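The block underneath contains the structure these notes are about, expressed in structure tokens.
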Amino acid sequence: MTNAVKTLTHGRELIAFRIGDQEFCVNIMSVREIRGWTQATPMPHAPSYVLGVINLRGVVLPIVDMSLRLGMKPAEPTVRHVIIVAQVGPKVVGLLVDAVSDILTVTPENIQPTPDIANEVEKAYARGILAIEGRMICLIELDSLFPHTESEAA
Amino acid sequence: MDMNEIKEIFFQECEEQLAELESGLLKLNDGDRDPETVNAVFRAVHSIKGGAGAFGLDDLVSFAHVFETTLDCVRSNKLEPTQDVLKVMLKSADVLADLTNAARDGGSVDESRSRTLIRELEALAHGEAPAAAEPAPKLAAAPKAAAPAPVVEQPPVNDEGFQPIPFSFGDFDEEPADHYVPTVQVAFKPKKDLYAKGNEAVLLLRDVSRLGEMSVYCDMDALPTLDKMNPEEAYFSWKISVTTDKGEDGVRSVFEFAEWDCDLDIQTIEEDVVSEATGDEELPMQPVPFDLSMLDDGGAAAADEPAVIESDAAAAVAAAETATKVAQVASRAAENAKAAAAASAASAAQANQAAAAGQTIRVDLDRVDRLINLVGELVINQAMLSQSVVENDTNGTSSINMGLEELQQLTREIQDSVMAIRAQPVKPVFQRMARTVREIADITGKSVRLITEGENTEVDKTVIDKLAEPLTHMIRNAVDHGLEMPEKREALGKNPEGTVRLTAKHRSGRIVIELADDGAGINREKVRQKAIDNDLIAADANLSDEEIDNLIFHAGFSTADKVSDLSGRGVGMDVVKRSIQALGGRISISSKPGQGSVFTMSLPLTLAVLDGMVVTVAGQTLVVPLTAIVETLQPEASAIHSFGASQRLISIRNSFCPLVDVGRILNFRNTQANPMDGVALLVESEGGGQRALMVDAIQGQRQVVIKSLEANYTHVPGIAAATILGDGRVALILDVDAVVAASRGQSLKQDISLAATG
Chain B
12 MTNAVKTLTH GRELIAFRIG DQEFCVNIMS VREIRGWTQA TPMPHAPSYV
62 LGVINLRGVV LPIVDMSLRL GMKPAEPTVR HVIIVAQVGP KVVGLLVDAV
112 SDILTVTPEN IQPTPDIANE VEKAYARGIL AIEGRMICLI ELDSLFPHTE
162 SEAA
Chain V
78 MDMNEIKEIF FQECEEQLAE LESGLLKLND GDRDPETVNA VFRAVHSIKG
128 GAGAFGLDDL VSFAHVFETT LDCVRSNKLE PTQDVLKVML KSADVLADLT
178 NAARDGGSVD ESRSRTLIRE LEALAHGEAP AAAEPAPKLA AAPKAAAPAP
228 VVEQPPVNDE GFQPIPFSFG DFDEEPADHY VPTVQVAFKP KKDLYAKGNE
278 AVLLLRDVSR LGEMSVYCDM DALPTLDKMN PEEAYFSWKI SVTTDKGEDG
328 VRSVFEFAEW DCDLDIQTIE EDVVSEATGD EELPMQPVPF DLSMLDDGGA
378 AAADEPAVIE SDAAAAVAAA ETATKVAQVA SRAAENAKAA AAASAASAAQ
428 ANQAAAAGQT IRVDLDRVDR LINLVGELVI NQAMLSQSVV ENDTNGTSSI
478 NMGLEELQQL TREIQDSVMA IRAQPVKPVF QRMARTVREI ADITGKSVRL
528 ITEGENTEVD KTVIDKLAEP LTHMIRNAVD HGLEMPEKRE ALGKNPEGTV
578 RLTAKHRSGR IVIELADDGA GINREKVRQK AIDNDLIAAD ANLSDEEIDN
628 LIFHAGFSTA DKVSDLSGRG VGMDVVKRSI QALGGRISIS SKPGQGSVFT
678 MSLPLTLAVL DGMVVTVAGQ TLVVPLTAIV ETLQPEASAI HSFGASQRLI
728 SIRNSFCPLV DVGRILNFRN TQANPMDGVA LLVESEGGGQ RALMVDAIQG
778 QRQVVIKSLE ANYTHVPGIA AATILGDGRV ALILDVDAVV AASRGQSLKQ
828 DISLAATG
């Protein structure tokens, strides 16, 4: 069962974050910690949205530019940016976002279906839309952003 | 602690016991006749049986029981541990290991195998030489025991020296009359605990009745009237008389798990036999002679036998006497001294025992791993601290510098000690190989001797664990393909018994494991033909002997003509090579026709740290494993030669070596860097080819803690792993072989799974 489905059925807490002028949220259960941006070591042959890896207390943590991953313009990380350390399947990934804005408690009724104007990129990750106090927050399923297919043995 | 945990501990202990058993048997096989070795072997089987009984593992118990009985014959000198006997025992040890594994993992064991061995073991216990073919049923075999038949069956190696042994006193109960079967009398009076623990007298009686002809008398005198009867009490007792060829031991074993909960008296009724025999006969009955001798050291001294400690006590006595002139006081003091001496002797004996038993602890590997990770962190933090102190140094802070130096020394020491925790001798793996050799020798009908050397060489546990599989495969190959059949060997003037030699040694920070056989060597014609058939090489290719030998490491390459039981399971030498490489190791082969082949593996001592050269490439810091680097050099303009459109070669002592720009190959930059601006690392790669890797600058050498990239990211072509530098940043460790391969034209594959969608 994916995190998003669990959220939908049980009404759990979500963490909302900001990228540019848009807001997104993910299940709080998949978030391990939130930390500040540090310079990442670039990886050869990496997809453009992988900014590199950083040292998270001895663990090599890949950092993904969420803005680029969600099809927007690349982020220019500053000290004000934050990294959401999230568990995606068996792996831990750092998500670079502009800021963390809120912790939301929602029930399934709060979540509206993704509008059908969405193109394929948005459809792939959006699991619904929340309308809270005039804000629009897009619920993201991390599993679909980073499918944990085993890399082929070389 | 729940049942499963207890069971887990039992199985862990079993593993140790099995190792003990095997090493003991191998020692015996090498001619060791120390009674302690026999005892150790016996004890191992006995404790497995005991534990298995407690967990109701019946298959294991029954096999261990037969095994134990036969070992007891060896222990009591009834059975000479000849090569043939030991062969059966080694096989039994294998089956015992299988049964244990099956009991733990729920697998099954080839029953016919254990049944055959049970028959062979029973035959041995009855004084028969191990039968080569189908062994006769045990009852028919018993009378034969008295005949000198075993001598005839012995191989010529055993001269007459063997002959008297079957007639030792231990055989008395079978000796005097061919058909004499002892009658055992049992007085069996259960206590109520027996029933409370779920035992059932009727079942025990039934088991006794299976041993032979039995008559039972039930004593109901203690039975009270119905109104006074307590249903939880035990009132009955039995007198049993059973005529059995299993003797007292056999009967006693029935009561083995009940004997603490009943009054039990088991006696053999001597009829025709001389009465002294009773005394002798009890010898094999005594639980474990070893235990008794242990008691003699401390226990006897603590009791009323001052003679043992007289010399110690004498001084104390004398001192006490001179100190006080009053006779009464003196004698009391002397008594005290004696008592103290006795007590200290006893406690010393206890301490010795404790020291022998408790010098190791069992630790979950996960905990050690966590410790290693933490120490790795400590090392990095310490380096970060030093660096920031140096950066902010305002002079005159020598005490801080001294403190830092001490910290550095301490962290290095802690790191070394923590690494040492995981270091273990390669012995267990080598022992497993002994079994592999036995099995394959059996299947192929070859006679093989495995010689192991340096089995106490220590390596990191993870390396050991990953070593077993490739080694097993190579040993299989060595015996199956390498060694010739005994007849052929004899015809060639070789010892019909083939030798496989497994050696481990440390060499410059690595462990080198060598597997040598004295077989036929690699058939180069055949390998070459096969390679041509498989389109690996051109028909007219001009290959050196080494190149031909190395062809066997190619995927899908097997020299076996037919797919046998042993080979053709889809595991080829290419897999061996890959698993060795995955360990950061190298494998090479050298073969001489008619004299055998030698496989040499060179592996890192640990997978956790690596000696590396820290270099800068296109603004990035990279680590190159030191083991790959042959030398470093500063290129001179006159040494660089262009070759074709884009290739460049560097001449080193009159030979030309291709230049590889690491930054270009890793996609860190799009144009070739000017070789004059950098440093060349001359590396030796897997195929033996040399390459000059161009980097921008060398920062220094350092030991780095290896961190997995795959854990959270994915495999990156050209990168072996990652590490964390003193400034806390991640640095990548270069996969030299992959980079060299890429420079040969094989592209670094882009298989980043994170890029799978989007």
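Residue numbers (my numbering), protein chains in the order written: chain B, 12 to 165; chain V, 78 to 835. All C-beta atoms in this analysis are idealised placements derived from N, C-alpha and C, irrespective of residue type, glycine included. None of the values given here were measured: they were computed from a predicted structure.
- Straight across, the Cα-Cα distance linking V:I343 with V:V328 is about 8 angstroms.
- About 16 angstroms separates the CB atoms of V:L163 and V:N116; that is not less than 8 angstroms, and the two are not in contact.
- Per DSSP, V:L809 lies in no alpha helix (DSSP H); the unbroken beta strand (DSSP E) holding it starts and ends at 807–811.
- In the three-state DSSP reduction, V:L560 falls in the coil class, being neither helix nor strand.
- As DSSP reads the structure, V:M690 sits in a beta bridge with V:V701, V:Q778.
- Shown here for V:F265: same chain residues with a beta carbon closer than 7 angstroms to its own, the five before and five after excluded, namely S314, W315, I317, C339, L341 in chain order.
- V:G598 sits close to V:G671, with the two beta carbons spaced by under 8 angstroms.
- For V:I125, the enclosing alpha helix (DSSP H) stretches over residues 112–131.
- Per the DSSP secondary-structure output, V:A593 pairs in a beta bridge with V:R578, V:V675.
- For a cut-off of 8 angstroms, the C-beta gap from V:V816 to V:E761 is around 13 angstroms, too long to register as a contact.
- Here V:R553 is actually not in contact with V:I588; their C-beta atoms are around 22 angstroms apart, not less than 8 angstroms.
- Cβ atoms of V:H718 and V:L726 come within 8 angstroms of each other, at about 5 angstroms.
- Its chain contains G47, W48 as the residues whose beta carbon lies nearer than 8 angstroms to that of B:V90, once the 5 sequence neighbours on both sides are disregarded; these appear in chain order.
- Rounded to whole angstroms, V:E454 and V:F140 show a C-alpha spacing of 50 angstroms.
- The bridge partners DSSP lists for V:K305 come to none.
- The count of Cβ pairs closer than 8 angstroms, one atom from the stretch 519–533 of chain V and one from the stretch 477–495 of chain V, stays below three, leaving the stretches out of contact.
- With a threshold of 8 angstroms between beta carbons, V:S728 makes no contact with chain B.
- Taken through DSSP and simplified to helix, strand or coil, V:I195 comes out as helix.
- For V:A500, the secondary structure class from DSSP, reduced to helix, strand or coil, is strand.
- DSSP places V:E336 within a helical segment (H, G or I) once states are collapsed to three.
- Secondary structure note for B:F157: it is in no beta strand (DSSP E), with a DSSP letter that is neither H nor E.
- Here V:K543 is buried, its C-beta having at least 16 other C-beta atoms within 10 Å.
- Those residues of the stretch 782–798 of chain V placed with their C-beta closer than 9 angstroms to a C-beta in chain B are V782, K784, S785, L786, E787, A788, N789, Y790, T791, H792, V793, P794, G795, I796, A798, ordered along the chain.
- Inclusion of V:F87 and V:F144 in the CB contact set at 8 angstroms is not warranted, their separation being larger than that value.
- Membership of V:S719 in the beta strand (DSSP E) is indicated by the continuous run 717–720.
- Contact fails between the stretch 608–617 of chain V and the stretch 575–591 of chain V, because fewer than three Cβ pairs, one in each stretch, are under 8 angstroms apart.
- A straight line joining the alpha-carbon of B:G100 with that of V:G480 spans about 44 angstroms.
- Here V:Q436 is exposed. Its C-beta has fewer than 16 other C-beta atoms within 10 Å.
- Spatial neighbours of V:Q89 in its own chain (CB-CB distance under 8 angstroms, excluding positions within 5 residues in sequence) are listed in chain order as R439.
- Chain-order list of chain B residues neighbouring V:Q697: T52, P53, by C-beta distance under 8 angstroms.
- Shown here, V:V263 sits in a strand according to DSSP, grouped into three states.
- In the three-state reduction of the DSSP assignment, V:H550 falls in the helix class, which pools H, G and I.
- Separation of the CB atoms of V:P735 and V:Q724 is rounded to 6 angstroms, and the pair is thereby assigned contact status at 8 angstroms.
- Among the bridge pairs identified by DSSP, V:K571 is matched with none.
- Remark: C-beta atoms of V:F745 and V:Q697 approach each other more closely than 8 angstroms.
- Excluding five sequence positions before and after V:A299, the CB atoms of its chain that fall closer than 8 angstroms to its own CB belong to Y312, F313, S314, given in chain order.
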